[in-house]
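The listed protein sequences correspond, in order, to chains A and B. Just so you know, we're using this note's numbering here: the first sequence kicks off at 1350 and counts up by one. Just so you know, we're using this note's numbering here: the second sequence kicks off at 121 and counts up by one. Virtual Cβ for every residue (Gly too), placed ideally from N, Cα, C. Bear in mind that the values here come from a model prediction, so they are computed numbers and not experimental data.
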Amino acid sequence: MTRWTTRLAVGAIIITAFPLVWMVLASFTPESHLFESRALWRGPFVADHYRALFDERNFWIPIRNSLIVAAMTTALAVTLGGACAYALARMRFRGRYTILAFVLAVSMFPQISLVAPLYLLLREAGLINTYPGLVLPYLTFAMPLTIWLLVGYFRQLPPDVEEAAAMDGAGLTRTLVEIVAPLAWPGIATTAILTFVYCWNEFLFALSFTLGPERYTVPVAIALFRGQYQVPWGQILAAAVVATLPVIVLVVLFQRRITQGLTAGAVKG
Amino acid sequence: MASITVDRVSRIFPGGHAGVRDVSLEVADGELVVLVGPSGSGKSTLLRLIAGLESATSGRILIDGRDATNAPPQARDLAMVFQSYALYPHKTVRENLAFGLRMHRVAPREIDLRVQGVAESLQIGALLDRRPAQLSGGQRQRVALGRAIVREPKAFLFDEPLSNLDPALRLDTRAEIALLHRRLGATMIYVTHDQEEAMKLGQRIVILKDGRIEQAGPPLEIYRTPATLFAARFLGSPPMNIIDASLLEAGRRGVVGFRPQDVTLTEVERTGLAATVALVETVGSEQHVHLRLDADDTRVIAVAPPDRTIPVDSRVGLTLRRDRLHYFTP
């Protein structure tokens, strides 16, 4: 890297990281100091906002809800979408390209246009304010995502190993589960993480299809902090930090697999 | 072991290109047939059609007399050794060998016995708990071979299995495959682009060109009596020389071929065919003399004994054996 690019990179990192750093610092700053003009990094640092978050507002509940919904959606989207993607990538049948185009088209629907009809549908099914009531609508964008990512990934796997499995007598499902999935692990991990993060951050459906604090997810809970009497900025900041944590943890844990998944196929073997 | 019949099989790819055109072939039980031809000749496609990895556009494929045309590869009970070995990278050698047997629901005890036996016969017993990435090319090849053998299939299909090996290893492994054939009495269909390999291995060779069979028969038969110009030039190294027939017989149409080994170099005056030496290559056991005919500058190669001095740019006469001439009208 030249000195120029190094400087550019450092600059970009500073610009992107700055709001996060600010957010973290501010979340440990007492409410009264937040709007003063003194520098945040000088302190004092208190954990008041976090305490309020968990003791008074019971922020554990939205976290739990978000975790459950995101995890269930990811699990379903990756397994179902993976099987679908494998069929689309490896089987030859009429209408294959039509299905792919359809999958793409479905994902292009503006979410807002789906809210009203979905609400009515879920209400009829008695699913408003339930976990399935969020997981099912989430699948409408999670499945196209996983299918598209995994079709692309499966296609670039060399077919010999699957052919060898076929010669050995393995059917398609067995091949997918025992041969392809272990080899496609980087791609699957990347897809799962992207799906999870998408679900975790989702706001519109979560707001529309839940009714009370018992089922609010994190983005909804944070948005609803305000409007009670005043805007509790400190707590909002603390909640935002907490909301960002799982994503950071996931990415750090799986970052090696993500880069593998993104650069797979570059080197033979 | 089984016989394999290919009955008027064609494979037209979407887009119109014909990989295999109306090919019919009988492979007897226990026979080693080699499919040979240049790239794009359809040999691999034909093998894959037999394996079930491709579907025939028309025609039938019979395995042991039974119509297997619409059967998936899983149901054909054939074993294939791939050019890239196609080992399961995340499984150990033992698991690689056992996989096919597991798929066919062989009892675990039996699986262990067979895997152990095959591993030992291929001298990879010590590698059973390793993964393919930890093996050398030759070792991987043996595992690929072992995976096929352990299944005791109806027939073996080989798709250019030696292409990725270095020449020394290639020779050894080729001999092993020949020995394996003798030991097992197995029906084997072997694909290669190497004519020497085809001649050495095959009980019968099938020369393919542009999706069609050019000629089929025992190697020596094709070598001695090639039916077409292509077959004549395909077998034998250096390849057969082809010259205008009128150079030998005034007025004769077409071309005539003679092998480099059937030419003797003499003084110019002795024969009617004069040429100039362009290049002499020595292989140690013989010399390959590249010549240009005086008459029409055609290139000819002659094989000469190793200790004869043949100066470059000298003029020589070519003496041909009358009984080793092949006439073709292209």
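Check: Could you tell me which residues DSSP pairs with E127/B in its beta bridges?; Outcome: Here the sequence assigns Asp to residue 127/B, which means Glu is not the residue at that position. DSSP, once it has assigned bridges, lists R180/B as partnering D127/B.
Check: Could you check whether the Cβ of F1510/A sits closer than 7 Å to any Cβ belonging to chain B?; Outcome: According to the sequence as given, residue 1510/A is Val; it is not Phe. Interface residue, yes.
Check: So S204/B contacts chain A; which residues on that side make the cut at Cβ distance below 7 Å?; Outcome: D1509
Check: Taking the straight line between their C-alpha atoms, what separation do you get for R302/B and L1425/A?; Outcome: 53 Å
Check: Tell me, please, whether the CB atom of G1360/A is closer than 7 Å to any CB atom in chain B?; Outcome: no
Check: Roughly how far, in whole angstroms, is the beta-carbon of E334/B from the beta-carbon of A351/B, given that I think they are within contact range, below 8 Å?; Outcome: 5 Å
Check: Against G136/B, what residues of chain A qualify as contacts under a CB-to-CB distance less than 7 Å, listed in chain order?; Outcome: Chain A residues near G136/B: none, gap ~17 Å exceeds 7 Å.
Check: How far does the alpha helix (DSSP H) with V1569/A in it reach, from first residue to last?; Outcome: V1567 to A1572
Check: So the candidates are V1591/A, A1465/A and G1583/A; which of them puts its Cα closest to the Cα of V1567/A?; Outcome: V1591/A
Check: On the DSSP bridge assignment, give the partners of A394/B in chain order.; Outcome: G437/B
Check: Any idea what DSSP makes of R229/B, helix, strand or coil?; Outcome: helix
Check: Alpha carbons only, please: which of G356/B, R225/B and R214/B is nearest the one belonging to D232/B?; Outcome: R214/B
Check: At the level of alpha carbons, what is the spacing between E1385/A and T1378/A?; Outcome: 11 Å
Check: Does the stretch 1487-1495 of chain A come close enough to the stretch 164-172 of chain B that 3 or more CB-CB pairs lie under 8 Å?; Outcome: no
Check: By alpha-carbon positions, which one of L155/B, V201/B, R390/B and F133/B ends up nearest to I325/B?; Outcome: L155/B
Check: Going by beta carbon distance, what residues of the same chain come within less than 7 Å of P192/B, once the five residues before and after it are set aside?; Outcome: G172
Check: Cβ of D279/B within 7 Å of Cβ of V235/B?; Outcome: no
Check: In chain order, what residues of the same chain lie with their CB nearer than 8 Å to the CB of Y343/B, ignoring the 5 residues before and after it?; Outcome: M319, L355 and G356
Check: Along the chain, which unbroken stretches of the alpha helix (DSSP H) at least 4 residues long are found entirely within the stretch 266-344 of chain B?; Outcome: 287-304, 315-321 and 339-344
Check: With C-beta atoms as the reference, is G139/B less than 7 Å away from G157/B?; Outcome: no
Check: Alpha carbon to alpha carbon, how far is G160/B from F1545/A?; Outcome: 47 Å
Check: If you measure beta-carbon to beta-carbon, which residues of the stretch 1523-1536 of chain A are closer than 8 Å to chain C?; Outcome: Absence of chain C from the displayed structure is noted, the protein chains being A and B.
Check: Just to confirm before moving on: does the CB-CB distance between S1376/A and A1587/A stay below 7 Å?; Outcome: yes
Check: What does the Cβ neighbour count give for V1427/A, buried or exposed, with the cut at 16 atoms within 10 Å?; Outcome: buried
Check: Considering just the uninterrupted stretch of the alpha helix (DSSP H) at Y1435/A, what are its terminal residues?; Outcome: W1409 to R1439
Check: In terms of residue numbering, what span does the alpha helix (DSSP H) encompassing R214/B cover?; Outcome: V213 to M223
Check: Residue range of the alpha helix (DSSP H) that N1550/A falls in?; Outcome: W1534 to N1550
Check: Which of helix, strand or coil does DSSP assign to Q194/B?; Outcome: helix
Check: The stretch 1429-1454 of chain A: which residues have C-beta closer than 7 Å to a C-beta of chain B, in chain order?; Outcome: none
Check: Pick helix, strand or coil for G136/B, following the three-state DSSP scheme.; Outcome: coil
Check: Exposed or buried, which one is L440/B when buried takes at least 16 other CB atoms within 10 Å?; Outcome: buried
Check: Measuring alpha carbon to alpha carbon, tell me which residue in D197/B, P426/B, Y205/B and L242/B is nearest L221/B.; Outcome: D197/B
Check: For the stretch 354-383 of chain B, list every residue whose C-beta sits within 8 Å of some C-beta in chain A, in sequence order.; Outcome: none
Check: Beta-carbon of G404/B versus every beta-carbon of chain A: anything under 7 Å?; Outcome: no
Check: Taking DSSP as the reference, what is the three-state secondary structure of T386/B?; Outcome: strand
Check: Starting from the C-beta of T1479/A, find all residues in its chain whose C-beta is less than 8 Å away, skip the five residues before and the five after it, and write them out in chain order.; Outcome: R1564
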